[in-house]
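There are 4 protein chains.
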Amino acid sequence: MTSKHKSGMRLPTELRPSNRRIEAFSDAVFAIVVTIMVLEIRIPDDLAFGDNSAALMTFGALLATYALSFVVVAIFWGNHHYLIFTLPKADRATLWLNNNALLWITLIPIVARFLGAHPTSPRAAAAYAFVVMCCTLSFSLLRRHAARISENEFHRALHHRVLRRIWPAVAVYAAAIPLAFIEVRLAWLCLLILPAMFFLPIVRAEGKEIESMYEKKGNADG
Amino acid sequence: MTSKHKSGMRLPTELRPSNRRIEAFSDAVFAIVVTIMVLEIRIPDDLAFGDNSAALMTFGALLATYALSFVVVAIFWGNHHYLIFTLPKADRATLWLNNNALLWITLIPIVARFLGAHPTSPRAAAAYAFVVMCCTLSFSLLRRHAARISENEFHRALHHRVLRRIWPAVAVYAAAIPLAFIEVRLAWLCLLILPAMFFLPIVRAEGKEIESMYEKKGNADG
Amino acid sequence: MTSKHKSGMRLPTELRPSNRRIEAFSDAVFAIVVTIMVLEIRIPDDLAFGDNSAALMTFGALLATYALSFVVVAIFWGNHHYLIFTLPKADRATLWLNNNALLWITLIPIVARFLGAHPTSPRAAAAYAFVVMCCTLSFSLLRRHAARISENEFHRALHHRVLRRIWPAVAVYAAAIPLAFIEVRLAWLCLLILPAMFFLPIVRAEGKEIESMYEKKGNADG
Amino acid sequence: MTSKHKSGMRLPTELRPSNRRIEAFSDAVFAIVVTIMVLEIRIPDDLAFGDNSAALMTFGALLATYALSFVVVAIFWGNHHYLIFTLPKADRATLWLNNNALLWITLIPIVARFLGAHPTSPRAAAAYAFVVMCCTLSFSLLRRHAARISENEFHRALHHRVLRRIWPAVAVYAAAIPLAFIEVRLAWLCLLILPAMFFLPIVRAEGKEIESMYEKKGNADG
Chain A
0 MTSKHKSGMR LPTELRPSNR RIEAFSDAVF AIVVTIMVLE IRIPDDLAFG DNSAALMTFG
60 ALLATYALSF VVVAIFWGNH HYLIFTLPKA DRATLWLNNN ALLWITLIPI VARFLGAHPT
120 SPRAAAAYAF VVMCCTLSFS LLRRHAARIS ENEFHRALHH RVLRRIWPAV AVYAAAIPLA
180 FIEVRLAWLC LLILPAMFFL PIVRAEGKEI ESMYEKKGNA DG
Chain B
0 MTSKHKSGMR LPTELRPSNR RIEAFSDAVF AIVVTIMVLE IRIPDDLAFG DNSAALMTFG
60 ALLATYALSF VVVAIFWGNH HYLIFTLPKA DRATLWLNNN ALLWITLIPI VARFLGAHPT
120 SPRAAAAYAF VVMCCTLSFS LLRRHAARIS ENEFHRALHH RVLRRIWPAV AVYAAAIPLA
180 FIEVRLAWLC LLILPAMFFL PIVRAEGKEI ESMYEKKGNA DG
Chain C
0 MTSKHKSGMR LPTELRPSNR RIEAFSDAVF AIVVTIMVLE IRIPDDLAFG DNSAALMTFG
60 ALLATYALSF VVVAIFWGNH HYLIFTLPKA DRATLWLNNN ALLWITLIPI VARFLGAHPT
120 SPRAAAAYAF VVMCCTLSFS LLRRHAARIS ENEFHRALHH RVLRRIWPAV AVYAAAIPLA
180 FIEVRLAWLC LLILPAMFFL PIVRAEGKEI ESMYEKKGNA DG
Chain D
0 MTSKHKSGMR LPTELRPSNR RIEAFSDAVF AIVVTIMVLE IRIPDDLAFG DNSAALMTFG
60 ALLATYALSF VVVAIFWGNH HYLIFTLPKA DRATLWLNNN ALLWITLIPI VARFLGAHPT
120 SPRAAAAYAF VVMCCTLSFS LLRRHAARIS ENEFHRALHH RVLRRIWPAV AVYAAAIPLA
180 FIEVRLAWLC LLILPAMFFL PIVRAEGKEI ESMYEKKGNA DG
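Protein sequence lines, in the order shown, are assigned to chains A, B, C and D. Quick note: the first sequence uses numbering that gives the first Met the number 0, first residue 0, plus one each step. Quick note: the second sequence uses numbering that gives the first Met the number 0, first residue 0, plus one each step. Quick note: the third sequence uses numbering that gives the first Met the number 0, first residue 0, plus one each step. Quick note: the fourth sequence uses numbering that gives the first Met the number 0, first residue 0, plus one each step.
Listed below in structure tokens is the structure:
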């Protein structure tokens with residue numbers, strides 16, 4: 000850790016080679032996770048010429064779960080984007096906290112497929128909520144590490160501000176797990192509410208503010 | 000938005016980190032969308048030693064639909080290429096308009112597989128036309144945003160010029176949807192005409208002109 | 000084309016944004032083509048505890064075809080590497096000649112799977128030879144275009160030198176197509192000889208020479 | 000090889016175009032290898048509403064094998080990261096030693112799927128150990144080449160230090176192959192011990208030390 004002061008300051012953050020490769024690897028994983036979910040979604044052959052409302056419902060559920068998962072993965076990608084950007088260095092702990100986050104992200108297609116095929120199953124909804132909750136927690140671990148190793152006071156403050164906003168999200172996903180076994184529709188509500196809230200004007204405004212702060216400081220560092 | 004003037008001018012467009020990651024993520028999604036369609040195309044085992052004209056026809060239809068979809072995705076990728084290049088900054092709206100465009104692009108393999116398996120189905124042709132129309136519209140939303148946030152008068156003029164050319168394309172795909180239920184061959188014609196026109200000398204000449212304008216100004220900015 | 004002189008000289012080749020995105024998109028396509036072939040290769044479940052020599056043979060044929068196709072795609076990737084590096088600009092013709100080459104590359108998994116499943120089928124060997132021949136031809140079209148638009152006399156000479164070496168390769172793959180229907184083993188020989196020759200000392204020495212020439216001039220340009 | 004002195008010194012290592020493309024291609028292959036393993040893991044439909052302990056066990060074995068393989072591939076990716084970073088040039092030998100390493104990496108999903116489906120099969124455990132052993136050996140060949148062509152004495156010393164640590168790892172995987180046929184649980188132990196050891200404090204400390212040395216010298220070179 001003693002070399003941090005010297006090497007961390009020399010190159011602008013966004014050009015440091017190790018960060019660049021973490022970005023490249025992570026971007027590819029995010030892109031593939033988003034896209035392989037599509038491999039599972041087939042328009043039922045019955046619908047080509049005939050009518051089959053059961054097949055249509057099945058297809059609709061798969062498509063809706065895909066759209067939800069696309070938005071969830073895209074939100075995580077956006078967070079990752081700003082998080083890696085502020086990392087002062089790509090040490091071994093960063094690498095493995097990032098790998099841990101990616102491992103949970105790659106489980107999303109598995110639970111998305113299960114939930115898409117069984118949208119009324121309490122277990123499917125609970126499994127989906129559990130995996131997204133673990134994604135959120137693993138991103139928080141990465142962010143906490145970033146806050147700890149950063150020497151930029153401004154970045155640290157931003158990380159702590161975002162970290163405080165994480166707990167309500169974790170609580171909603173945690174609540175979805177037992178709720179799924181009481182009433183699966185309540186679990187679905189929990190799964191939908193956070194991606195939907197992300198687009199609310201008030202949340203967007205705060206996000207915009209944080210992002211513009213990141214950008215300003217990030218450029219000032221370089 | 001107040002930080003746009005300062006931060007947007009400092010680095011040449013193509014080196015700004017956030018644009019770079021949007022590019023990387025989008026390129027990966029485009030590449031995977033193009034390639035996973037191949038997973039669905041199998042040469043029928045019957046054709047290894049015996050003759051089976053039905054199997055050959057099925058395979059031919061899948062292959063033709065793949066080639067068409069490859070060209071469609073590649074045209075969108077080319078447009079994306081020039082569009083991102085002129086984006087002054089990668090704000091949250093840009094991110095999500097881009098995610099929206101990518102979401103529609105990832106639906107192309109689903110409808111391509113359905114149309115390839117059922118080339119005479121009116122619904123399959125209509126579904127394909129609908130998804131490509133939505134891709135076109137979602138790219139236009141991204142471009143309109145780029146035109147709005149750009150401070151470069153030249154880029155704005157180019158965006159508006161391209162935006163005007165979008166409506167005939169949207170109209171052709173929109174027309175294909177009802178036409179499919181009257182005569183599926185007319186819908187196919189609509190699906191084929193635009194990718195084919197893209198290679199006509201007159202369209203190519205205009206495209207070349209626009210691209211060389213982009214390049215010239217893009218470099219001048221940097 | 001009039002802007003070529005000015006813009007082509009300003010930035011070192013390897014930093015020009017449009018070339019960079021062609022590289023990124025192509026690299027992703029090459030990487031996915033190589034990797035999705037693996038999705039088709041399953042170790043037969045029968046082999047977990049019992050013996051089944053038929054299943055073992057089938058698996059062996061799939062694995063051998065995969066290894067061959069990996070080497071073929073990797074050779075094309077290596078050529079693409081040096082080709083894009085010398086492109087003075089990424090104009091629309093370059094983009095579409097590149098897309099054409101990628102389209103043929105994405106067909107390799109389809110014929111590899113067919114040949115792996117039916118290694119004694121004349122049609123499978125002929126289809127494989129046909130697709131690899133078309134890949135070679137489409138790369139030559141791209142290279143001829145590069146030779147034409149390049150202003151660097153040295154690059155032009157190198158391109159012409161490589162182009163002359165293409166014809167024997169095309170001839171071998173073309174010969175494999177009729178040979179497959181006479182004796183499938185001769186077609187296999189044609190398919191194996193070129194990737195094998197690539198590693199012969201004499202061919203490697205010439206390749207090394209050409210590459211070091213590219214590198215030297217490429218750096219001198221930048 | 001005569002041009003090495005001149006061209007290898009001119010640009011900082013991490014900006015040399017040919018290294019960059021090897022990185023990009025390799026990162027994409029690593030990312031796809033990690034992610035396509037997920038395509039094989041399905042939560043059994045029986046578990047949506049009913050209980051089926053056999054299906055649950057099967058799913059658990061697949062998931063555990065996936066997690067193990069994710070860690071194995073991520074360790075190789077991390078090593079690759081530091082290895083490519085120190086390569087003085089991307090010559091043809093580097094390219095093909097890298098391709099060889101990637102070929103073995105792409106076989107991991109095949110044996111992971113087989114081991115996940117048959118966790119008690121001696122052959123499956125032996126096949127898995129064999130492939131990971133070959134990955135380790137192929138990375139050592141690449142590293143030995145890097146040590147040979149490097150002009151940086153410091154990098155050479157580091158490479159030799161890491162190369163000495165490779166043999167115990169190869170020995171453990173080699174031992175797992177015969178052990179699998181005596182007692183499959185011992186083979187599993189061999190497969191688990193190395194990824195687990197990677198996270199032991201003492202190993203982590205040494206790894207950290209080596210990495211910080213790489214970083215320091217790498218930056219000093221640029």
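Note that the Cβ used here is the ideal one computed from N, Cα and C, for glycine as well. Since we're looking at a predicted model, the values are computed, not measured.
- request: Please determine, among B:C133, B:V37, B:V161, the residue with the shortest C-alpha to C-alpha distance to I109 of chain C.
  value: B:V37
- request: Give the DSSP-derived three-state secondary structure of H117 of chain C in the structure shown.
  value: coil
message: Does chain C have any CB closer than 8 Å to the CB of S68 of chain D?
response: no
field: I74 of chain B: first and last residue of the uninterrupted alpha helix (DSSP H) it sits in
entry: 52-84
field: Nonlocal neighbours in the same chain, by C-beta distance under 7 Å from L62 of chain D, ignoring five residues either side
entry: Excluding the 5 residues flanking it on each side, L62 of chain D has same chain C-beta neighbours closer than 7 Å at I40, in chain order.
message: Distance cutoff 8 Å, beta carbons only. Does W76 of chain C sit that close to anything in chain D?
response: yes
field: Beta carbon proximity, F113 of chain B to chain A, threshold 8 Å
entry: yes
- request: Check whether the Cβ of L82 of chain D lies closer than 8 Å to any Cβ atom in chain A.
  value: no
Validate contact between the segment 164-179 of chain D and the segment 122-135 of chain D using beta carbons, cut 8 Å, 3 pairs: yes
message: Under 8 Å, CB to CB, which of the residues in the segment 23-42 of chain C have a partner in chain D?
response: Those residues of the segment 23-42 of chain C placed with their C-beta closer than 8 Å to a C-beta in chain D are A23, D26, A27, F29, A30, I31, V33, T34, I35, V37, L38, I40, R41, I42, ordered along the chain.
Range covered by the alpha helix (DSSP H) that runs through A195 of chain A: 183-196
field: Continuous alpha helix (DSSP H) stretch holding N97 of chain D: start and end
entry: Run containing N97 of chain D: 91-105, per the alpha helix (DSSP H) assignment.
- request: For the segment 116-130 of chain D, enumerate the residues whose C-beta is nearer than 9 Å to any C-beta of chain C, in chain order.
  value: A116, H117, T119, S120, P121, R122, A123, A126
- prompt: For chain A, is any of its Cβ atoms less than 8 Å away from the one on T85 of chain B?
  reply: no
Cβ-based burial, D90 of chain A [other Cβ within 10 Å; buried from 16]: buried
task: Could you check which residue in A:A168, A:P177, A:W76, A:K88 has the C-alpha nearest to that of R147 of chain A?
output: A:K88
message: Run through chain C and tell me which residues come within less than 9 Å of T105 of chain D, C-beta to C-beta.
response: V33, T34, M36, V37, Y65, F69
- prompt: Can you find a C-beta in chain C that's less than 8 Å from the C-beta of L10 of chain B?
  reply: With a pLDDT of 37 at L10 of chain B, under the threshold of 50, the modelled position of that residue is not reliable, and the figure given next carries that caveat. For L10 of chain B, the answer is no, since every Cβ of chain C falls outside 8 Å of its Cβ.
- prompt: If the cut is a Cβ gap below 7 Å, which residues of chain D does F108 of chain A touch?
  reply: The question names Phe, but residue 108 of chain A in the sequence shown is Pro. Those within 7 Å of P108 of chain A in chain D are V37.
message: With a threshold of 8 Å between beta carbons, is N98 of chain D in contact with chain C?
response: Cβ-Cβ to chain C under 8 Å: yes for N98 of chain D.
- prompt: F153 of chain A to T85 of chain A, Cα distance in whole Å?
  reply: 10 Å
- prompt: Would you report the Cα separation of N18 of chain D and L94 of chain D, rounded to the nearest angstrom?
  reply: 9 Å
- request: Report yes if the CB atom of V169 of chain B is closer than 8 Å to the CB atom of L136 of chain B, and no otherwise.
  value: Yes, the pair counts as a contact, with Cβ atoms nearer than the cut-off.
message: Counting only C-beta atoms, is R147 of chain D closer than 8 Å to chain C at any point?
response: no
query: How many angstroms separate the CA atom of I42 of chain A from the CA atom of S52 of chain B?
result: 25 Å
field: Cut-off 7 Å between Cβ atoms - residues of its own chain near A60 of chain C, not counting five sequence neighbours on either side
entry: G115, P118
Residue from D:A123, D:M132, D:L55 whose Cα sits closest to the Cα of D45 of chain C: Nearest option by C-alpha distance: D:A123.
- prompt: So Y121 of chain B packs on V183 of chain B, CB below 8 Å; how close in whole Å?
  reply: Rather than Tyr, the amino acid found at residue 121 of chain B in this sequence is Pro. Taking 8 Å as the upper bound for CB-CB distance, P121 of chain B and V183 of chain B are in contact here, some 5 Å apart.
query: At least one CB of chain A closer than 8 Å to the CB of F153 of chain D: is that the case?
result: no
message: At the 8 Å Cβ level, is L222 of chain D part of the contact set with chain C, yes or no?
response: Since the first residue shown for chain D is 0 and the last is 221, residue 222 of chain D is missing from the structure and cannot be characterised.
task: Would you identify the three-state DSSP class for N18 of chain D, choosing helix, strand or coil?
output: helix
task: Return no unless some Cβ of chain C is closer than 8 Å to the Cβ of L193 of chain D.
output: no
message: Given this structure, state the Cα-to-Cα distance separating E22 of chain A from L185 of chain B, to the nearest angstrom.
response: 46 Å
- prompt: Helix, strand or coil: how does DSSP classify S139 of chain B here?
  reply: The answer is helix: DSSP assigns S139 of chain B an H, G or I state.
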